[in-house]
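**Student:** Pasting in a structure now, in structure tokens, and then I'll have a few things to ask.
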Amino acid sequence: MSEDDFAVEPIEGLPELLPKGEVILWQGRPNWWRLTIESLKLWWVIGYFGVLAAWRFLTIIDYMPLGTSLSLSIPFLFIGGFVGLLLCIVGYTQARATLYTITNKRVAMRIGAALTVTLNLPFTQIDNAAVAKKRGGFGNIALETAGHAKFSYFVLWPHARAWYFRKPQPTLRCIADIDEVSSILGQAAKSRIIEKENQSQPNAPRVGMVVN
0 MSEDDFAVEP IEGLPELLPK GEVILWQGRP NWWRLTIESL KLWWVIGYFG VLAAWRFLTI
60 IDYMPLGTSL SLSIPFLFIG GFVGLLLCIV GYTQARATLY TITNKRVAMR IGAALTVTLN
120 LPFTQIDNAA VAKKRGGFGN IALETAGHAK FSYFVLWPHA RAWYFRKPQP TLRCIADIDE
180 VSSILGQAAK SRIIEKENQS QPNAPRVGMV VN
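Residues in the sequence shown are numbered from 0 upward in steps of one, following numbering that gives the first Met the number 0.
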């Protein structure tokens, strides 16, 4: 693997140069901390080891000295801290390897730390965009694709809508300024769909022009 995994990208986050008439409206990546908490369930994992430590302590405190009970319980906390650190590393790596792009014609998602793939999702192939707002101005945007387009949930993860296994939905995860990004996406998609509809009807008035 080269020093720069994405050196072949003519534009960061995109596998090729933009066609004439296409412009980038927004680019961003997940917040690594939010991604670690939401997708990798950091607090649940740490809490699990905390419960194990408490359970261990309570089951042996009745017939062992306090110091011994603590010494046999605390290792679970150290293990939990170590696993939590590993999850933070994975979350940071995933976030840094990811780049979401919204243009006036599509959504592009470069995802994957070990196996990097780029998804191109034209607005005309997106049936719906579900916005889930979180605390602190963060949020997710799940994209429901049209027709029979289907993606592997495991290839998309963690950039997939939770629990949608039958027809996975590519998702822009843990985005800052979710209101602004969702507005950019909505306006761009609406304009593109109107443009395509006008192109399919040669005699229809063009957007922004008045026909006398």
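The C-beta atom is built at its ideal place from N, Cα and C for all residues, glycine as well.
As the structure is a computational prediction, the values presented were derived from the model and not from experiment.
Can you tell me whether Trp-54 is buried or exposed, with buried defined as 16 or more other CB within 10 angstroms of its CB?
**Tutor:** Its Cβ having fewer than 16 others within 10 Å, Trp-54 is exposed.
**Student:** Should Lys-19 go down as buried or exposed, given a rule of 16 or more other Cβ atoms within 10 Å for buried?
**Tutor:** Exposed.
**Student:** How would you call His-158, buried or exposed, if buried means at least 16 neighbouring beta carbons within 10 angstroms?
**Tutor:** The residue in question, His-158, is buried, as its Cβ has 16 or more Cβ neighbours within 10 Å.
**Student:** What does the alpha-carbon distance come out to for the pair Leu-32 and Asn-197?
**Tutor:** Before going on, a small fix: residue 32 reads as Trp here, not Leu. The alpha-carbon atoms of Trp-32 and Asn-197 are separated by roughly 43 angstroms.
**Student:** Kindly identify the DSSP beta-bridge partner or partners of Tyr-47.
**Tutor:** BP columns for Tyr-47 are empty, so no partner.
**Student:** Ignore the nearest five residues each way along the sequence and tell me which others in Gly-135's own chain have a CB closer than 6 angstroms to its CB.
**Tutor:** Excluding sequence neighbours, Gly-135 sits near nothing in its chain.
**Student:** Using the beta-carbon count (16 or more within 10 Å), is Gln-186 buried or exposed?
**Tutor:** Exposed: under 16 other Cβ atoms inside 10 Å.
**Student:** Have a look at Tyr-152 and Leu-71 and give me their C-alpha separation to the nearest angstrom.
**Tutor:** Each residue's alpha carbon lies about 40 angstroms from the other.
**Student:** Going by alpha carbons, who is nearest to Thr-100 out of Leu-13, Gly-111, Arg-172?
**Tutor:** It is Leu-13 whose Cα lies nearest to the Cα of Thr-100.
**Student:** Tell me the residue span of the alpha helix (DSSP H) that contains Ala-94.
**Tutor:** Residues 65 to 96.
**Student:** So, Thr-170 versus Leu-86, is the Cβ gap smaller than 7 angstroms?
**Tutor:** Not closer than 7 angstroms, so no.
**Student:** Please work out which residues of its chain come closer than 6 angstroms, Cβ to Cβ, to Ala-141, disregarding the five sequence neighbours upstream and downstream, and give them in chain order.
**Tutor:** For Ala-141, where only same-chain residues beyond five positions count, the Cβ hits under 6 angstroms are Ala-129, Arg-160, Gln-168, Thr-170.
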